[in-house]
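The block underneath contains the structure these notes are about, expressed in structure tokens.
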Ligand code: HEC
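Numbering (my numbering), first residue to last: 757 to 1144.
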């Protein structure tokens, strides 16, 4: 008989999947109201806040859910590394697809920030080509290609068709196809994990209500530093740009691009280049076997074992917590001065057309020389009241 075990640390992947469903639902609603054109995009977002408050709330939920999704995925990865899932010989594709899913996630974050086309979006749209320009050999051509190819409707298609399809294919290999074979299948999985995700959904809804994106123009404008210290989904991208605050040229690229790339490649390849002897078959490994034994012992030995099991659980939990702190700590330390919600204080239509909407000459680095100056761009993002 198979005894089902519930562990809180098995749930981060499930929560991520539930949040992805939330993103799909809110995203479809938003797509109904969004106009993917340079001159209309921001106006279409603003009109939600004046005319369609419930949809505006959904937009802010979509934003906050993106943050929670990224955090859940990070915790899921930390837990998988600690559980040494990469040692499993039969689950190589599972591991690889999991690591590869990181790429569409970043794609979603970047294209998602760009879609509203205010100055935050403009900043990101210009920084992505700057960023890839530093790759040797192909960098400059790739960067030029991104600049030339950028249109609002393309960014929209990437965000709502290309990336979702790619994610679905990877998720299917990574999780769905396995879950479908289990007792109860997808239904039971979503019921169980949905229940666990419920408190997070409530927090997301509340955050969206309490801390909406300042969008009104110019009636209620934020202060320049608003959003400082508040974690947002953008932080997961800003972390790659933060090195420009501390280093110049090559070293900024080294820490912002090559180090993360190396980590990604090593992580993705782990099960492939580890010595064969280290890898284990899933039969040997199956934590559920251990759990099942522990569960029978539990019945036999009563309270004593219960104490030990609790101890093991607490120990496991504390380990995950410590590693998560080590991961999110520097993340917070570097990004907290980022006033993500404050751009609209200066960059709103009340401050003149030049400051209100991104200029029509936005791709032209001769007319807008600041754009190719990464140090200016990053310092202006983190300290807009000082550097402008
Ligand atoms: C204190 C007011 C203020 C705040 C807050 C502010 N900016 Fe700026 N920003 C400026 C000024 C002034 C300029 C220079 C405009 C010019 O050159 O005509 C500028 C320039 C820029 C540029 C250069 C592009 C160009 O066309 O010259 C970008 C991109 C930008 N800001 C994005 C942002 C973002 C993103 C935020 C929020 C994180 C932000 N700004 C917050 C005042 C501000």
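All C-beta atoms, glycine included, are put in the ideal place defined by N, C-alpha and C.
Quiz item: residue 819 and residue 1024: beta carbons closer than 9 Å?
Solution: Here the question's residue 819 lines up with position 63 in the chain shown. Here the question's residue 1024 lines up with position 268 in the chain shown. For residue 819 and residue 1024, no; Cβs fall outside 9 Å.
Quiz item: Taking the alpha helix (DSSP H) that residue 948 falls in, what are its first and last residues?
Solution: The residue you call residue 948 lines up with position 192 of the chain shown. Its alpha helix (DSSP H) spans residues 941 to 966.
Quiz item: For residue 930, which residues from the same chain have a beta carbon less than 7 Å from its beta carbon, with the 5 sequence-adjacent residues on both sides left out?
Solution: Start at 1 with the first residue of the chain shown, and residue 930 comes out as number 174. Around residue 930, the same chain offers 850, 853, 854, 857 as residues with beta carbons nearer than 7 Å, after the five sequence neighbours per side are excluded.
Self-check item: Straight-line gap, residue 985 to residue 877 (C-alpha atoms, nearest Å)
Solution: Your numbering for residue 985 matches position 229 in the chain shown. Your numbering for residue 877 matches position 121 in the chain shown. Cα-Cα distance, rounded: 20 Å.
Quiz item: Can the beta-carbon of residue 949 be found less than 9 Å from the beta-carbon of residue 767?
Solution: In the chain shown, the residue the question calls residue 949 occupies position 193. In the chain shown, the residue the question calls residue 767 occupies position 11. Cβ atoms of residue 949 and residue 767: closer than 9 Å.
Quiz item: Excluding the five sequence neighbours on either side, which residues of its own chain have a C-beta within less than 7 Å of the C-beta of residue 1144, listed in chain order?
Solution: The residue labelled residue 1144 in the question sits at position 388 within the chain shown. Within the same chain, 1136 come within 7 Å of residue 1144 by CB-CB distance, once the 5 residues on both sides are set aside.
Quiz prompt | Close Cβ partners of residue 971 (< 6 Å) along its chain, the five nearest in sequence each way excluded | solution = Along the chain shown, read from residue 1 onward, the residue named residue 971 stands at position 215. Around residue 971: 802, 805.
Quiz item: Nearest-angstrom Cα distance between residue 968 and residue 810?
Solution: Here residue 968 refers to the residue found at position 212 of the chain shown. Here residue 810 refers to the residue found at position 54 of the chain shown. Computed Cα separation, rounded: 12 Å.
Quiz item: Between residue 842 and residue 831, what straight-line distance do the alpha-carbon atoms span, to the nearest angstrom?
Solution: Locating residue 842 in the chain shown gives position 86, where the first residue counts as 1. Locating residue 831 in the chain shown gives position 75, where the first residue counts as 1. Near 16 Å, if we compare the C-alpha coordinates of residue 831 and residue 842.
Self-check item: Contact test: residue 814 Cβ vs ligand 1 heavy atom, cutoff 8 Å
Solution: To locate residue 814, count along the chain shown from 1; it is residue 58. No - ligand 1 has no heavy atom lying nearer than 8 Å to the Cβ of residue 814.
Practice problem: Check whether the Cβ of residue 819 sits closer than 8 Å to any heavy atom of ligand 1, and report yes or no. | Solution: The sequence position of residue 819 within the chain shown is 63, counting from 1. Flag unset: Cβ of residue 819 not near ligand 1.
Practice problem: Take the Cβ of residue 1104 as the centre, count every other Cβ of all protein chains shown within 10 Å, and call the residue buried at 16 or more, exposed below. | Solution: As a working mapping, residue 1104 is identified with position 348 in the chain shown. Result: buried.
Practice problem: Output the residue ranges of the alpha helix (DSSP H) runs that lie fully inside the segment 855 to 941 and measure 4 residues or longer, sorted by chain position. | Solution: Secondary structure within the segment 855 to 941: the alpha helix (DSSP H) runs of 4 or more consecutive residues, fully enclosed, are 858 to 870, 875 to 888, 895 to 905, 908 to 913, 919 to 927, 933 to 937 (chain order).
Quiz item: If you draw a straight line from the C-alpha of residue 879 to the C-alpha of residue 979, how long is it?
Solution: On the chain shown, position 123 is the one that residue 879 refers to. On the chain shown, position 223 is the one that residue 979 refers to. C-alpha separation (whole angstroms): 19 Å.
Self-check item: Three or more C-beta pairs below 8 Å linking the segment 770 to 785 and the segment 913 to 932
Solution: Counting Cβ pairs under 8 Å, three or more are found: they touch.
Quiz prompt | Heavy atom of ligand 1 within 8 Å of residue 1140 beta-carbon | solution = Counted from its first residue, the chain shown places residue 1140 at position 384. For residue 1140, the CB falls within less than 8 Å of some heavy atom of ligand 1.
Quiz item: Smallest Cα separation from residue 1000: which of 882, 886, 1130?
Solution: Within the chain shown, residue 1000 is the residue found at index 244, counting from 1. The candidate whose alpha carbon is nearest that of residue 1000 is 1130.
Quiz item: Helix, strand or coil: how does DSSP classify residue 997 here?
Solution: Locating residue 997 in the chain shown gives position 241, where the first residue counts as 1. Helix.
Quiz item: Hey, which unbroken runs of the beta strand (DSSP E) at 3 residues or more fall wholly within the segment 1077 to 1130?
Solution: None, since the segment 1077 to 1130 contains no complete beta strand (DSSP E) of that length.
Quiz item: For residue 979, does the three-state DSSP call read helix, strand or coil?
Solution: As a first step, residue 979 is located in the chain shown; it is residue number 223 there, counting from the start. Shown here, residue 979 sits in coil according to DSSP, grouped into three states, outside any helix or strand.
Quiz item: Under a Cβ-count criterion, where at least 16 other Cβ atoms within 10 Å of its own Cβ denotes burial, should residue 835 be classed as buried or exposed?
Solution: On the chain shown, position 79 is the one that residue 835 refers to. Answer is buried; the Cβ neighbour count reaches 16.
Quiz prompt | Spatial neighbours of residue 919 in its chain, beta-carbon cut-off 8 Å, leaving aside the 5 residues before and after | solution = Here residue 919 corresponds to residue number 163 of the chain shown, with the count starting at 1. So the list reads 860, 863, 864, 867, once near-sequence residues are dropped.
Quiz item: How many whole angstroms separate the CB atoms of residue 828 and residue 772, which I take to be in contact at a CB cut-off of 8 Å?
Solution: On the chain shown, position 72 is the one that residue 828 refers to. On the chain shown, position 16 is the one that residue 772 refers to. Under the criterion of beta carbons closer than 8 Å, residue 828 and residue 772 qualify as touching, at roughly 4 Å.
Self-check item: Where residue 777 sits in the DSSP three-state scheme
Solution: Looking up residue 777 in the chain shown gives position 21. Residue state for residue 777 is assigned as helix, using DSSP reduced to three classes.
Quiz item: Comparing the CB of residue 991 with every heavy atom of ligand 1, is any distance shorter than 8 Å?
Solution: Position 235 of the chain shown, counting from 1, holds the residue named residue 991. Residue 991: no, Cβ never under 8 Å from ligand 1.
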